[in-house]
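One structure is given below, encoded as structure tokens.
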Amino acid sequence: MMSLKELFSQFGKILSVKVMRDPTGKSKGFGFVSYGKHKDANKAVEEMNGKEIRGKVIFVGCAQKKVERQAELKRKFEQLKQEGISRYQGVNLYIKNLDDTIGNEKLRKEFSPFGSITRAKVMLEDGRSKGFGFVCFSSPEETTKAVTEMNGCTVGSKPLYVTLAQRKEEGKAHLTNQYMQRVAGMRALPANVILSQFQPAAGGYFVPVVPQA
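Heads up, the sequence shown is in UniProt numbering, so the first residue is 1 and it goes up one at a time.
See below:
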């Protein structure tokens with residue numbers, strides 16, 4: 001059974017590997033891999049994202065500092081203003097990878113510290129969660145803060161994927177593609193940055209439970 005380091009060492013020299021664990025020592029199902037070179041990190045994302053390992057599809061994306069996520073969100077809002085369209089409503093969030101135990105009230109509670117919520121909805125099928133939902137805030141500023149703080153944050157047993165919601169007709173295909181390519185619009189991780197400089201919730205290489213050697 002290969003360790004996380006063994007899985008990713010084929011792409012270049014690894015500086016550090018960390019699997020995030022709960023207080024009992026159990027893996028949270030995601031972790032971080034830091035490479036010595038940019039190209040090695042990019043290659044790992046290209047080759048490993050979306051691969052199936054031991055029956056589970058892994059999601060791999062480059063980690064991103066909180067300030068970088070804030071800047072990227074600001075650029076998105078400015079671009080939409082210039083385009084003069086409302087493709088992104090600016091106040092509606094799409095949340096994916098929800099734990100099965102999370103319902104409407106729990107979802108609202110988790111996001112309520114960031115502003116006034118007008119709607120929180122977990123999508124169901126036959127009474128069971130489909131693993132995603134929506135949270136609507138009163139202002140774009142509140143939405144930006146929620147994305148910045150909550151994307152990659154573990155709620156229940158899973159790390160959340162949080163982004164701006166899109167128009168229904170564009171949504172499913174585009175969001176699936178985005179989720180497979182990156183977590184929260186994550187940009188390339190500077191190869192010489194030590195992962196401890198990132199908060200655990202800032203993103204990284206999301207993987208299923210991989211025991212360390």
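All C-beta atoms, glycine included, are put in the ideal place defined by N, C-alpha and C.
Compare the beta carbon distance of C136 and N92 with 9 Å and say whether it is the shorter of the two. As a working note, residue 136 is residue 136 in the sequence shown. As a working note, residue 92 is residue 92 in the sequence shown. In contact: C136 and N92 (Cβ atoms closer than 9 Å).
State yes or no: is the C-beta of R54 nearer than 8 Å to some heavy atom of the ligand NAP? Absence of the ligand NAP is noted for the structure shown, with no ligands found whatsoever.
So the beta strand (DSSP E) N97 belongs to, where does it begin and stop? Translated into positions along the sequence shown, residue 97 becomes position 97. Careful: N97 lies outside any beta strand (DSSP E) and carries neither H nor E.
Which class does P190 belong to by DSSP, given the choice of helix, strand or coil? Start at 1 with the first residue of the sequence shown, and residue 190 comes out as number 190. Model confidence at P190 stands at a pLDDT of 40, short of 50, so the residue's coordinates are unreliable and nothing is read from them.
Taking the alpha carbon of G127 as the reference point, which residue from T101, F111, E142 and T143 has its own alpha carbon closest? The sequence position of residue 127 within the sequence shown is 127, counting from 1. Per the C-alpha coordinates, the member of T101, F111, E142 and T143 positioned closest to G127 is T101.
With DSSP as the reference, identify every bridge partner of I53, one or two as the case may be. Residue mapping note: residue 53 aligns to position 53 of the sequence shown, counting from 1. Under DSSP, I53 shares a beta bridge with K56.
Helix, strand or coil for T24? Go by DSSP, reduced to three states. Here residue 24 refers to the residue found at position 24 when the sequence shown is read from its first residue. Coil, per DSSP.
Segment limits, alpha helix (DSSP H) that includes M48: As a working note, residue 48 is residue 48 in the sequence shown. Run containing M48: H38 to M48, per the alpha helix (DSSP H) assignment.
In terms of residues, what are the limits of the beta strand (DSSP E) holding F132? Numbered from its first residue, the sequence shown carries residue 132 at position 132. Residues R128 to F137.
For L98, tell me which candidate among D40, K39, M150 and M20 has the shortest Cα-Cα distance. The residue labelled residue 98 in the question sits at position 98 within the sequence shown. Residue M150 is the option with its Cα nearest to L98.
What are the boundary residues of the beta strand (DSSP E) that includes M123? Here residue 123 corresponds to residue number 123 of the sequence shown, with the count starting at 1. Where M123 is concerned, the enclosing beta strand (DSSP E) starts and stops at I117 to E125.
Using DSSP with H/G/I as helix, E/B as strand and the rest coil, what is V17? Residue mapping note: residue 17 aligns to position 17 of the sequence shown, counting from 1. V17 falls in the strand class under three-state DSSP.
On the DSSP letters alone, give me the boundaries of the beta strand (DSSP E) that V147 sits inside. Translated into the one-based positions of the sequence shown, residue 147 becomes position 147. Per DSSP, V147 belongs to no beta strand (DSSP E); it is in the alpha helix (DSSP H), P140 to M150.
Backbone CA spacing between M123 and G131 [nearest angstrom]: Locating residue 123 in the sequence shown gives position 123, counting from the first residue. Locating residue 131 in the sequence shown gives position 131, counting from the first residue. Each residue's alpha carbon lies about 7 Å from the other.
CB-CB under 8 Å to D40, same chain, minus the five flanking residues each way: which ones, in chain order? Against the sequence shown, residue 40 aligns to sequence position 40. Here the set comprises F11, G12, K13 and A191.
Below 9 Å between beta carbons: does that hold for S34 and S16? Here residue 34 is taken as the residue at index 34 of the sequence shown, counted from 1. Here residue 16 is taken as the residue at index 16 of the sequence shown, counted from 1. In this structure, S34 sits near S16, with a CB-CB distance shorter than 9 Å.
Find out if the Cβ-Cβ distance for the pair A44, V57 is shorter than 9 Å. Position 44 of the sequence shown, counting from 1, holds the residue named residue 44. Position 57 of the sequence shown, counting from 1, holds the residue named residue 57. Not a contact, by the Cβ cut-off of 9 Å.
According to DSSP, what are the bridge partners of L164? For the purposes of this step, residue 164 is taken as residue 164 along the sequence shown, with counting starting at 1. Answer is L93, bridged to L164.
CA-to-CA distance, S139 to P110, given in whole angstroms: Counting from 1 along the sequence shown, the entry for residue 110 is found at position 110. Counting from 1 along the sequence shown, the entry for residue 139 is found at position 139. Correcting the residue identity first, residue 110 is Glu in this sequence and not Pro. E110 and S139: Cα-Cα distance of roughly 17 Å.
Apply the 10 Å Cβ neighbour rule to G55 and answer buried if 16 or more other Cβ atoms are within range, or exposed otherwise. As a position in the sequence shown, residue 55 is number 55, starting the count at 1. Burial call: exposed.
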